[in-house]
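The block underneath contains the structure these notes are about, expressed in structure tokens.
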Amino acid sequence: MNSPLKNSLRLIREVVRQARAYHVADASGLIKLDAMENPYNLPDDLRRKLQEKLGAAELNRYPDPAAAALRKKLLQVMQVPESKSIVLGNGSDELIQMLAMAVADHNNSDICVMSFEPGFVMYKIIADFVGINYVGIPLNDDFSLDMPATRLAIAQLKPALIFIAYPNNPSANCYRELDIEEIISLAPSMVILDEAYHPFAQTSFMRRLTEFDNLLVMRTVSKLGLAGLRLGLLCGHPDIINEIDKIRLPYNINVLTQIAAGFMLDNVEILNQQAKSIREQRSRLLNAMRAIPGLEVFPSQANFILFRVLDNAKNNSANDVFESIKRSGVLIKNMRADSGLLRNCLRVTVGTAEENQAFLDALEKAVNS
Ligand SMILES: *Cc1c(COP(=O)(O)O)cnc(C)c1O
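Position one of the sequence shown corresponds to residue 0 (numbering that gives the first Met the number 0), numbered consecutively onward.
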């Protein structure tokens, strides 16, 4: 018998039913170095002022659909060129979804989204759910762009969207600027530079928006220290941004986020200062990790470090090292790869000096025991 419940499930698309829900590890009781969060909270005086602002919020009213005041501050703080426009998303994840929805065409099965592997998983997840093809071009062994393969793929597939995470997640490197320029020039359509880790990279294509009409730069406040607010922005040619803005749900940036983000942007020096400490901690952590035998530690321009547990280490399983670190009370990210570029790789987020020391102690114990 075909019950309404069975029918409901049958009508949900195969790609959805086959998917596993996005998994977030339980970090209770652990030092949390798995999710690229800023480890610092706000100083007490700022926190009190923020509470006052939030206390005065009119929660009975819909938010400003254009988030005009917030957008004005973002244009300034993010140094968006004057001739360009922005559209805001509930995190940059939502902007990726808007872009995919804008190009998805169920009468054209050739529409494709391109990015690079290993890379940020949301590009593929969203393409799958929206129903467009995703093509991931494998990176070289050193996580640089494979330009011959990329040129060929662009010529053959004519991707509607090319996502380039800059720096890349999970490899933490920035690609060669010349390679990115070439991709933007060869691309038949939009190229999105995902600059989520800009506070730690200090290199950007934002200024260069004026050179390329098909370039879009995406930023988020998540890695800067405001992951809880869910706020991202997409910057680019006003004609493109105008179209993407039509897909945006009218009240996607809620009242509390508009107030809190506006307040934090007025006090952005504190966040910039925190990013600076994280960059300093990153170089200390890199040096300390490189001194531990049995690991391959990759360079980082982000707020996290990718490293490989080498086969010649005493304890040669990355899974064992991950579990041992967890038993010591520190949660990092296990890339769970037996082969390929991420083989035996783990990823750690840069935390406070104390958190990093706890991680280093746990790592040393895990590798040497
Ligand atoms: C973390 C991350 C994002 C996250 O964006 P939200 O604004 O938190 O949705 C986007 N892109 C990359 C490459 C990331 O690593």
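Virtual Cβ for every residue (Gly too), placed ideally from N, Cα, C.
Around the beta-carbon of G88, 16 or more other beta-carbon atoms lie within 10 Å, marking it buried.
For R278, the enclosing alpha helix (DSSP H) begins and ends at V267 to R289. Within the same chain, D92 and I95 come within 8 Å of M121 by CB-CB distance, once the 5 residues on both sides are set aside. The C-beta of L264 has 16 or more other C-beta atoms within 10 Å across all chains shown, which makes the residue buried. Shortest gap from the CB of D33 to any heavy atom of ligand 1: 6 Å or more. Of all alpha-carbon atoms in T149, I183, V190 and N168, the one lying nearest the alpha-carbon of F162 is that of V190.
Straight-line spacing of the CA atoms in M146 and D178 works out to 7 Å.
Spanning the alpha carbons of D337 and V102 requires a straight line of approximately 35 Å.
Going by beta carbons, I277 and V349 fall inside the 7 Å limit. Residue list for ligand 1: G90, S91, D92, F119, A164, N168, D193, A195, T219, S221 and G231 (CB closer than 5 Å to any heavy atom, chain order).
Unbroken alpha helix (DSSP H) runs of no fewer than 4 residues, entirely contained in the stretch 86-164, are found at 91-102, 121-129 and 146-156, following chain order.
Contact check for Y196 against P166 passes: the beta carbons are separated by less than 7 Å. Boundaries around L192 are those of the beta strand (DSSP E), M189 to D193, since no alpha helix (DSSP H) includes it. When secondary structure is reduced to three states using DSSP, N6 falls in the helix class. Within 10 angstroms of the beta-carbon of T256 lie 16 or more other beta-carbons, which makes it buried. Looking at the DSSP output, M217 sits in a beta bridge with D193 and L233.
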